[in-house]
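Chemist: Each position in the sequence shown, counted from 1, maps to that position plus 686 in the working numbering. The beta-carbon is built from N, C-alpha and C at its ideal position, and this holds for glycine as well.
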Amino acid sequence: MEEAKQEVTEIVDFLKNPEKYSRLGGRVPKGALLVGPPGTGKTMLAKAVAGEANVPFFSRSGSQFVEKFVGVGASRVRELFAEAKEKAPCVVFIDEIDAVGTKRSNEGFNSEHDQTLNQLLTEMDGIDGASGVIVLAATNREDILDDALLRPGRFDRKVHVTLPALTDREAIFKVHLKKVKVDETVDLTQLARQTPGMSGAEIANVCNEAAILAARQNREAVTMADFNEAIDKVTLGLENKSMLMTRQDVYETAVHEAGHTTTIWLLEHAAPLVKISIVPRGKALGVNMTMPEERVGYTKQAFLDEICSFMGGRAAEELFLGTIGTGALNDMQQATRIARSMVMYYGMSEKMPNISYYDPQGQLGQRPYSDERARLIDEETSRIVNEQYERAKKLISEHAEQHHKVVDALMEKEVIFAADVEAIFGKRPWKSRTEQLMEVAEARRKSQH
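#1: What did DSSP end up calling D781 once you bin it into helix, strand or coil?
#2: Going by other Cβ atoms of all chains shown within 10 Å of its Cβ, with 16 needed for buried, is A1014 buried or exposed?
#3: Hey, could you find the ends of the beta strand (DSSP E) H955 is sitting in?
#4: Give the range of the alpha helix (DSSP H) segment to which T881 is assigned.
#5: Using only CA atoms, which one of N891, R1114, T802 and V965 lies nearest to A760?
#6: In whole angstroms, what separates the C-alpha of F913 from that of T729?
#7: Kindly provide the ranges of any alpha helix (DSSP H) runs that are 4 or more residues long and lie completely inside the region 1054-1096, ordered along the chain.
#8: Touch check for the region 871-882 and the region 953-963: three-plus C-beta pairs under 8 Å?
#9: Work out the CA separation of Y1043 and A916 for me, nearest whole Å.
#10: What first and last residue would you give for the alpha helix (DSSP H) that runs through G886?
#11: Given V936, which residues of its chain have a CB within under 8 Å of its CB, disregarding the five upstream and five downstream residues?
#12: Does G968 pass the burial test, meaning 16 or more other C-beta atoms within 10 Å, or should it be called exposed?
#13: Give a yes or no on contact between the region 1065-1073 and the region 1030-1040, applying the rule of three or more CB pairs nearer than 8 Å.
#14: Which one of H799, M910, L701 and L731 has the shortest CA to CA distance from V758?
#15: Distance check for K844 and M910, CA to CA, integer angstroms please.
#16: Determine the direct distance from the alpha carbon of L971 to that of K733, and round the result to whole angstroms.
#17: Between the C-alpha atoms of E738 and F744, what's the straight-line distance to the nearest angstrom?
#18: From what residue to what residue does the beta strand (DSSP E) around K844 run?
#19: Thinking just about the alpha-carbon of each residue, which of L831, T948, S1118 and P850 is nearest to the one in K1151?
#20: What are the boundary residues of the beta strand (DSSP E) that includes F744?
#21: Using the C-alpha atoms, what's the distance from T726 back to E925?
#22: On the DSSP letters alone, give me the boundaries of the beta strand (DSSP E) that I820 sits inside.
#23: Does the separation of the CB atoms of A823 and L710 fall below 8 Å?
#24: Once you ignore the five residues that flank V735 on each side, which residues in its own chain have a CB closer than 6 Å to its CB?
#25: From what residue to what residue does the beta strand (DSSP E) around S1027 run?
#26: With DSSP run on the structure shown, which of helix, strand or coil describes T985?
#27: Which residue wins for smallest C-alpha separation from S885, given the options A851, V786 and S1027?
#28: Please classify S1042: does DSSP put it in a helix, a strand, or coil?
#29: Just tell me which of A1001, V763, G787 and N894 has its CA closest to the CA of R837.
#30: Taking the alpha-carbon of D784 as reference, which of H1089, S747, G998 and E809 has the nearest alpha-carbon?
#31: What is the DSSP secondary structure of G711, reduced to helix, strand or coil?
#32: Under the assumption that V861 contacts A690 (Cβ atoms under 8 Å), give the Cβ distance between them as a whole number of angstroms.
#33: Cβ of Q1074 within 8 Å of Cβ of L990?
#34: Would V856 pass as a contact of T875 if the rule is Cβ separation under 8 Å?
#35: Just verifying my parser: in three-state terms, what is the DSSP assignment at G945?
#36: Please report the Cβ distance between D869 and V821, rounded to the nearest whole angstrom; I am assuming they are in contact, meaning their Cβ atoms lie under 8 Å.
Following this line, the structure appears as structure tokens:
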């Protein structure tokens, strides 16, 4: 997030002081592409650029240029840039540019989409640093954009607007909670830890939902319990109060979730636990919420640990219930997906080492390998998943006493947190990547002061 801020701060300076760059022979970029998942603040950043530079802001959605009548979209592009040039210096912002900027077809140049895209390319070629017009565009599908749109001289800069990290989430909560009356139980750090993978928009929604829950209970202030409920509601859906479950149903869910908890806690590369719940929400009877770790890449062992943790629920069912149920469907899907990626993409298979069939374009369903190789891919995928299933059973068997204590805690409280699990297993013998990265960030911050 900090890198994105630095990039757009420089764009502000381009608008405020273009002569600073031109007198040294530099060329002010024509545009920047803001790339990132939905809800990460791409539109807000674009508005902030115009606001900070104190220049007009022209905003359009890519879908506004898409029409079924040939020539209409191109005409709208011309009108937008004509108005922008009149009001320069200014910022032109095109949200969801993938709606108009996808790769052109091979059906000639008469389609409405192709004409609109060609007009956009022409208009961008017609502006320069001296014109004072900077084009910002946002997308979460950079991979489908036309190559001509991405070449230098059009969108010269790529600004990656990522999902907020732990410290960013804490800062976002702090901003949104300025308008919310909270009591002393609310812990910003804990809130940030419980919302891994959330965008800024989702965090704003959590704060709003927590306030609504507190108001519904006629409370004077929003409590941490309200936030816990709001986080579960946003991430997992409403509590399924209409679902009738026997005590045996609840116990079986607790055994399954405790199996995940046990393997996650004991595997070095498993994502750190945040909390475990056996409250049914949506279609899920229970969940182990973890904090996805920021990685520059995965090792083979990290993949294997992740598969093992996914298989922990079913392994516990077999060990302690003497049967298996349908609750592991999503777990098996995730484990199979990772194992197949190891075999097909990353060359991490014993029988297919150093071979990759990675194909980001999909090739319209064609596969660049034989039926025999396809069978081998299936065999290796199955082998990896089943080996990790047996590994999960062994881990849980060796820590059966702790597993039972997790089950008991879930049956009593329904929701438990990482601190509760630590009280049962003891502290994990290694630091998570998140903890290591936070130490690096803290050391860097201290060195800069």
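Modeler: Based on what the coordinates show:
#1: strand
#2: buried
#3: That residue, H955, is in no beta strand (DSSP E); it is neither H nor E in DSSP.
#4: Taken as a continuous stretch (DSSP letters only), T881 belongs to no alpha helix (DSSP H), as it is neither H nor E.
#5: T802
#6: 27 Å
#7: 1057-1084
#8: yes
#9: 42 Å
#10: G886 to R902
#11: I964 and M1097
#12: exposed
#13: yes
#14: H799
#15: 39 Å
#16: 42 Å
#17: 15 Å
#18: R843 to H846
#19: Nothing in the structure corresponds to residue 1151, since the chain is present only between 687 and 1135.
#20: F743 to S747
#21: 27 Å
#22: V819 to T825
#23: no
#24: V694, I697, V698 and V777
#25: Careful: S1027 lies outside any beta strand (DSSP E), inside the alpha helix (DSSP H) at L1015 to M1030.
#26: coil
#27: A851
#28: coil
#29: G787
#30: S747
#31: coil
#32: Incorrect: roughly 16 Å between the Cβ atoms, too far for contact.
#33: yes
#34: According to the sequence shown, residue 856 is Glu rather than Val. Yes, the pair counts as a contact, with Cβ atoms nearer than the cut-off.
#35: helix
#36: Not a contact, Cβ separation roughly 47 Å.
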